[in-house]
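Chemist:
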Amino acid sequence: MKQNSDEYTKLKQKIDRRTATDFWSYAQITLVILSWLLFIVALVMSYYAAPDKDFGVLRYYDIEIRQFWLTPLTGYLYILLWLSALGSYLALMTDKYRSRRRSDAPLGNLIFLLAVNLTWLVYILVKVQ
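Position one of the sequence shown corresponds to residue -2 (this note's numbering), numbered consecutively onward.
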């Protein structure tokens, strides 16, 4: 009788040991949401920091077109992109050390966000200077 209960206990522990959400899960969710929010704010800020488009109507009416990046906004944009990339990297590292099951979902959206942030940072460094 005792042997069956011991086997049942061991089997139950192998099946599911997680009973509640821990601190690291909340930290990871917070980092993911914060990273995406920072990325969205960076998208809005880049609209205002980037040079204006050169439309034919603007040239026809001799409206001045800004051909350069706005330096103060570009600095803030650069900081936002680094913070977003850092948050997504930390969330990926948290996931790497926390999830060990095959059934845990991969965080492809964070890999995509990190790649876009780093690509955008390189683009800003090349185009602004």
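Glycine residues also receive a C-beta, built at the ideal position from the N, C-alpha and C atoms.
For Met42, count neighbouring C-beta atoms within 10 Å of its own C-beta (all shown protein chains included) and say buried if the count is 16 or more, exposed if not.
Modeler: buried
Chemist: Taking 8 Å as the cut-off, decide whether the C-beta atoms of Leu111 and Leu78 are in contact.
Modeler: no
Chemist: What did DSSP end up calling Leu104 once you bin it into helix, strand or coil?
Modeler: coil
Chemist: Do Leu87 and Ala39 have their beta-carbon atoms positioned less than 8 Å apart in this structure?
Modeler: no
Chemist: Suppose contacts are defined by Cβ-Cβ distances below 8 Å. Is Phe109 in contact with Ser81 by that definition?
Modeler: no
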